[in-house]
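Position 47, counted from 1, in the sequence shown is what the numbering used here calls 47; the numbers after and before it change by one each time, with no gaps.
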Amino acid sequence: MGALLGDAPALHHHHAVGMLDGGEPVRNDQGRAALHQALQSLRAGECDLALVAGVNLMLTPEPFVAFSQLDALAPDGRCKTFDARADGYGRGEGCGVLVLKREADALKAADDILALVCGSAVNQDGRSNGLTAPNGLAQQQVIRQALQAAGVSPV
């Protein structure tokens, strides 16, 4: 599995925690957890500005070789999610940074506001069918929690 996933340290955590939970890999999306924590810190007044960043680097060729052997990579390198033409996925590197402020502070500073995050939630996915198959009940629960935090009805 290490060669397939590029020996990604972030995924080692999934497997280590999974071993503690009966041998099943579990989810822990660090980006969303970081966003949730930053929002909580802003709401609690622990900070006035928060940066949330994520990066994906592909530093070794082994994952490309392994995914190619599994026919998991799209021949044209493009994802076509939920499309009848879907034939694999495309890997890519990237980095993103969110600058977060409370809405009132951003308005007072005349900042350009590109989006509002009205609610967030995190949970532990628990047992599932594997790394790429989330636990449906846990996913429903965290979505309901985020909607409730945002004051939005799920219907």
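Glycine included, C-beta positions come from ideal geometry on N, C-alpha and C.
Where does residue i sit, in a helix, a strand or coil, going by DSSP?
| i | result |
| --- | --- |
| Ala38 | helix |
| Ala104 | helix |
| Gly96 | strand |
| Gly6 | Below a pLDDT of 50, predicted positions are generally treated as unreliable, and Gly6, at 46, falls in that range; the measurement from the model is reported next regardless. Of the three classes helix, strand and coil, the one that applies to Gly6 here is coil, per DSSP. |
| Ala146 | helix |
| Ala121 | coil |
| Gln140 | helix |
| Ala33 | helix |
| Ala66 | helix |
Can you list, in chain order, the residues of its chain with a C-beta nearer than 6 Å to that of residue i? Leave out the 5 residues immediately preceding and following it.
| i | result |
| --- | --- |
| Ala53 | Val97 |
| Gly94 | Asn56 |
Using the beta-carbon count (16 or more within 10 Å), is residue i buried or exposed?
| i | result |
| --- | --- |
| Thr81 | exposed |
| Asn129 | exposed |
| Ala50 | buried |
| Asp125 | buried |
So, using beta-carbon positions, are residue i and residue j closer together than 8 Å?
| i | j | result |
| --- | --- | --- |
| Ser120 | Leu42 | no |
| Ala66 | Tyr89 | no |
| Asp48 | Lys108 | no |
| Ala106 | Ile113 | yes |
| Cys118 | Ala150 | yes |
Grab me the residues of residue i's own chain with a C-beta within less than 8 Å of its C-beta, minus the 5 sequence neighbours each way, in chain order.
| i | result |
| --- | --- |
| Gln141 | Asn123 |
Looking only at DSSP bridge pairs, what is residue i linked to?
| i | result |
| --- | --- |
| Asn56 | Gly94 |
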